[in-house]
């Protein structure tokens with residue numbers, strides 16, 4: 001009989017790649033930042049492998065090895081790496097190595113505990129690995145234990161249907177029941193959901209694709225399913241109820257790019273659950289109320305489904321770091337509770353939201369980094385309070401019906417890399433204080449096309465030349481690709497849309513002179529730019545049109 005050691009690699013395994021439609025370019029900043037779910041990380045916990053040869057007690061595995069531990073699935077909820085200091089270092093001296101193994105075997109014989117911690121691999125013909133636990137009762141196909149390993153101190157040798165522990169045994173029928181409901185499986189992943197090796201991926205195996213195991217914080221000696229990652233599998237199933245809610249130690253469920261539907265099950269009884277990704281599926285109806293009570297949730301992705309109706313105000317009070325609600329049919333006003341969010345990344349784009357951007361957005365200044373409102377039906381004035389969220393890297397409100405001048409407070413967004421306000425009803429002068437962000441801050445892209453601006457300042461002209469600033473389809477005299485003069489005149493003659501102009505700048509800006517103190521410099525090839533008015537009516541442009 002040949003002795004084959006099993007190897008437990010410690011490499012980092014990232015989640016399978018998403019196979020949804022690529023994220024639109026409007027969802028990607030110039031810095032390469034993409035609005036996609038957090039990367040699932042799985043890493044093996046260190047484990048020793050011992051291999052026994054029956055012909056001689058000294059034919060021990062030629063290497064007891066250790067594996068450096070990396071981030072565990074449960075680390076995001078406060079669990080420290082487990083078993084890291086419990087593994088023996090590799091022994092360079094063979095005698096010491098043999099003595100260590102003999103000592104382990106003696107302890108196992110005395111306490112009957114070796115089989116729960118050490119994996120034995122026996123090769124007979126094909127290399128079939130099985131954990132050293134008794135076979136599960138009432139399961140057909142169990143093979144008899146090879147007599148060669150009886151008496152090693154572990155009890156009977158493993159059978160093919162033996163599970164590592166009772167938790168995994170209890171999860172097996174849950175997986176098999178869900179498997180029967182699947183109506184399409186283009187990649188054939190469910191064919192790997194056979195046998196007792198639910199934690200195959202933990203040991204670098206190929207069984208049970210999509211299932212990842214780890215040690216839960218409350219039971220650091222019991223391996224169990226900690227994460228389910230079906231990203232890009234293309235599976236079809238009418239419901240997830242009775243499946244993911246039956247994994248008591250589940251921390252993550254990722255299901256991007258499948259064809260799941262039905263209701264989102266109640267997951268409030270899962271103490272470690274913190275990531276839910278149901279993006280690019282066929283979920284419909286109102287916002288799933290079962291998500292709202294998830295107090296530990298750090299990541300929620302419902303984008304590219306068919307949800308509709310209002311978003312409940314408590315959603316924005318969740319403890320999430322990332323909230324993706326884009327590309328659904330949500331409507332109504334964005335509630336004032338928007339300012340309660342602790343999210344760093346918040347995307348509500350491509351829905352049917354109406355009303356103004358909540359002024360409560362200033363309450364997010366401690367956390368919010370990227371927010372996307374684009375392609376809704378938002379109206380009202382552009383809130384001055386946006387400029388108080390000084391950590392914003394991306395602000396995108398393009399493709400709405402927002403009116404008014406750009407508040408001078410935007411000049412305080414020193415971390416802003418991308419600002420998109422294209423496709424609205426903004427007017428007046430493009431503030432020089434905003435264009436200075438390219439010099440004093442990190443601004444790489446300022447998109448103001450498809451509005452009604454009538455002039456730009458000196459620093460803005462520099463950004464037009466360098467193509468950082470896009471002002472096509474506005475009302476700027478002498479600029480190419482502007483709106484027809486008659487269209488600009490009609491817009492400025494309509495007093496129905498006007499917003500107050502606040503001249504105050506809530507931060508110190510080196511090198512900036514307020515237009516109230518000194519008129520902006522004349523731009524070559526342009527008329528002198530108009531100075532912003534402090535009253536609420538739209539200032540008349542010095543010349544409408546100039547384009548085709």
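Residue numbers (full-length UniProt numbering): 1 to 548.
Even for Gly, the Cβ is constructed at its ideal location relative to N, Cα and C.
Residue i in three-state terms, based on DSSP
i	result
residue 253	strand
residue 430	strand
residue 345	strand
residue 208	coil
residue 381	strand
residue 245	helix
residue 336	helix
residue 457	coil
residue 270	coil
residue 447	strand
residue 483	coil
residue 258	coil
residue 493	helix
residue 287	coil
residue 462	helix
residue 361	helix
residue 440	helix
residue 386	helix
residue 372	strand
Min CB distance residue i to chain C below 8 Å
i	result
residue 312	No chain C is present in this structure, which holds just one protein chain.
Nonlocal neighbours in the same chain, by C-beta distance under 6 Å from residue i, ignoring five residues either side
i	result
residue 426	451
residue 301	37, 277, 279 and 324
residue 470	447 and 449
residue 423	398, 399 and 450
residue 313	335 and 337
residue 285	none
residue 380	356
residue 351	328, 330 and 376
Length of the line joining the Cα atoms of residue i and residue j
i	j	result
residue 298	residue 369	15 Å
residue 500	residue 485	25 Å
residue 430	residue 405	8 Å
residue 410	residue 264	40 Å
residue 345	residue 224	31 Å
residue 367	residue 319	11 Å
residue 262	residue 283	6 Å
residue 372	residue 437	20 Å
residue 466	residue 493	33 Å
residue 435	residue 193	57 Å
residue 440	residue 237	52 Å
residue 305	residue 166	37 Å
residue 216	residue 74	7 Å
residue 168	residue 389	47 Å
residue 504	residue 290	44 Å
residue 520	residue 483	Annotation note: pLDDT 34 at residue 520 (below 50); position unreliable, coordinate value reported separately. The alpha-carbon atoms of residue 520 and residue 483 are separated by roughly 24 Å.
residue 274	residue 294	8 Å
residue 296	residue 176	29 Å
residue 268	residue 462	54 Å
residue 226	residue 214	6 Å
residue 221	residue 164	11 Å
residue 258	residue 445	34 Å
residue 260	residue 322	22 Å
residue 401	residue 382	10 Å
residue 182	residue 456	58 Å
residue 171	residue 179	12 Å
residue 347	residue 498	27 Å
residue 556	residue 287	For residue 556 there is no data in the structure shown, the boundaries of the chain being 1 and 548.
residue 365	residue 421	20 Å
residue 487	residue 361	33 Å
Beta-carbon proximity list for residue i, same chain, < 8 Å, skipping 5 on both sides
i	result
residue 363	339 and 340
residue 349	26, 27, 326, 327, 372, 373, 374, 375, 376 and 396
residue 552	As shown, the chain starts at 1 and ends at 548. That puts residue 552 outside it, with no answer to give.
residue 468	438, 443, 444, 445 and 446
residue 412	387, 388, 390, 505, 506, 507 and 509
residue 453	426, 427, 428, 429, 430, 471, 474, 475 and 476
Own chain partners of residue i with C-beta closer than 7 Å, once the 5 adjacent residues on each side are dropped
i	result
residue 384	407, 409 and 502
residue 292	312, 314 and 315
residue 266	245 and 290
**Study point:** the region 239 to 246 / the region 187 to 207 touching (three or more Cβ pairs under 8 Å)
**Key:** Below 8 Å, too few C-beta pairs join the region 239 to 246 and the region 187 to 207 to call them touching: fewer than three.
Review point. Given 8 Å as the limit, is there contact between the region 348 to 355 and the region 327 to 339, that is, 3 or more CB pairs closer than that?
Key: Counting C-beta pairs closer than 8 Å gives three or more between the region 348 to 355 and the region 327 to 339, which meets the contact rule.
Practice item. Jot down the residue ranges of each uninterrupted alpha helix (DSSP H) in the region 162 to 239, minimum 4 residues, whole runs only, in chain order. Key: Those alpha helix (DSSP H) runs which fall completely within the region 162 to 239 and span 4+ residues are 166 to 181.
Check your understanding: Taking three-plus beta-carbon pairs below 8 Å as touching, is the region 196 to 203 in contact with the region 242 to 262?
Key -> No, they do not touch.
Exercise for review: Ignoring anything shorter than 3 residues or poking outside the region 289 to 329, list the beta strand (DSSP E) runs there in chain order.
Suggested key: Contiguous beta strand (DSSP E) elements confined to the region 289 to 329 occur at 299 to 301, 306 to 309 and 322 to 324, taking only those with 3 or more residues.
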